[in-house]
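*Asks:* In this text, residue positions in the sequence shown follow the working numbering: the first is 2, and each later residue adds one. What follows is a single structure, and I will ask about it in a moment.
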Amino acid sequence: MVSMSSPPSPAPSLLRRIVDFDTAISLRLYTLTHPILPYYFLKTLEISGDGFLFFPLVLSLLLYPLAFSDTKNSNIFLINLLLGGILDLIVIGPLKHLIRRPRPVYNKNMFLSFAVDHWSFPSGHSSRVSMIATLFYLSSDFIRDVLIQLKYDLFVDYLMLIVIGWAATTSCSRVLLGRHFVFDVIAGVLLGILEGFSIEHGRHKWTEFFLFIVEVTSGAESFALHRTKESLTVSVTLGGVVIFSTCIDRRYL
């Protein structure tokens, strides 16, 4: 009698094995830490790195002059942050929709978070906070001078540690909250660092233009935010005329 045994199934591809390993280690980390770490702490980290906090905060600081003696340099730093945030949206949004990796299935409370897209790779929070930390590092001399001017000398030696620690813990929280897999976070961190260096390297091409915009809008009569489930609209009014308005799709924040 001739044996009719089925042919052996092909070995999984290298990419499949990497994804399976990433999924397994991410679930393991989530399972181990979920009963231990307080949810409100991880949630606070998530909110601190969210685009809905980042963009209004940077825009507000730009439009309302700071109490710095070196206002121009402070505006350059804030412009770099704003450009970094925009670059992050341009990079991360299309990558997520191109790769389309689903988020972890064990994430039971994803609907409570700010993100509404279903894609996991790369992590937008990780890229954003890493970009911010990179720009802080690259602008450390200016930030040191500002802290000394404000008589916050105590924070001079610790600010970079605080910012880098915040970026690292916020990135890790993405796995511990079940929002992303480990490799999503690693990719986000690497992209964020690259974004920060790219903005710093090319800032001279955009600085004068954006400084002019800031000078025009710094006397704005009103700065308004209109938030819906789908988008965030930012508008600036000067002399009763809306001189700036933009709408950000919430899926990319």
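From the three backbone atoms N, C-alpha and C, an ideal C-beta is built for every residue, glycine too.
Less than 7 Å between C-beta atoms, sequence neighbours within five positions excluded: which residues of the same chain meet that for L46?
*Replies:* T170, T171, S174
*Asks:* Counting beta carbon pairs with one atom in the segment 90 to 109 and one in the segment 156 to 170, are three or more of them shorter than 8 Å?
*Replies:* Flag = no, the segment 156 to 170 and the segment 90 to 109 do not touch.
*Asks:* Counting along the chain, where does the alpha helix (DSSP H) carrying Y40 start and finish?
*Replies:* 40 to 49
*Asks:* Closest to R145 by C-alpha separation, out of M161, A134, I133, would be which residue?
*Replies:* Comparing Cα-Cα distances from R145 to each of M161, A134, I133, the minimum goes to M161.
*Asks:* Note down the Cα distance separating S121 from P103, rounded to an integer number of angstroms.
*Replies:* 6 Å
*Asks:* Is it true that the CB of G189 sits closer than 8 Å to the CB of S128?
*Replies:* yes
*Asks:* Please look up how many angstroms separate the CB atoms of D89 and E196, rounded, as I've assumed it's under 8 Å.
*Replies:* Rounded to the nearest angstrom, the Cβ distance from D89 to E196 is 6 Å, consistent with a contact under 8 Å.
*Asks:* If we ignore side chains and look at the alpha-carbon of each, how far apart do L38 and F182 end up?
*Replies:* Straight-line spacing of the CA atoms in L38 and F182 works out to 18 Å.
*Asks:* Give every residue of the same chain whose Cβ lies closer than 7 Å to the Cβ of Y107, excluding the five residues on either side of it in the sequence, and list them in chain order.
*Replies:* L28, Y31, G179
*Asks:* Should F55 and F143 be called a contact, given that it needs their Cβ atoms to be closer than 8 Å?
*Replies:* no
*Asks:* Whole angstroms is fine: what's the gap from F137's alpha carbon to L83's?
*Replies:* Annotation: F137 to L83 spans about 13 Å, alpha carbon to alpha carbon.
*Asks:* State the start and end residues of the unbroken alpha helix (DSSP H) segment that holds R145.
*Replies:* 141 to 150
*Asks:* Fully enclosed by the segment 82 to 134, which beta strand (DSSP E) runs are 3 residues long or longer?
*Replies:* As summarised for the segment 82 to 134, there are no continuous beta strand (DSSP E) elements at least 3 residues long confined to that stretch.
*Asks:* Which stretch, first to last residue, makes up the alpha helix (DSSP H) that contains H181?
*Replies:* Neither: H181 is in no alpha helix (DSSP H) and is coded neither H nor E.
*Asks:* List the whole-angstrom C-beta distance separating G50 from H126, where the pair is believed to meet the contact cut-off of C-beta under 8 Å.
*Replies:* 4 Å
*Asks:* Return helix, strand or coil for P57, following the three-state DSSP convention.
*Replies:* helix
*Asks:* So, with DSSP's three-state summary, where would you put Y159?
*Replies:* coil
*Asks:* Which residues mark the beginning and the end of the alpha helix (DSSP H) in which I19 is found?
*Replies:* Note, I19: alpha helix (DSSP H), 15 to 34.
*Asks:* Where does I37 fall in DSSP's three states?
*Replies:* coil
*Asks:* Taking V130 and S75 to be in contact with their CB atoms under 8 Å, please state how far apart those CB atoms are, rounded to whole angstroms.
*Replies:* Not a contact, Cβ separation roughly 21 Å.
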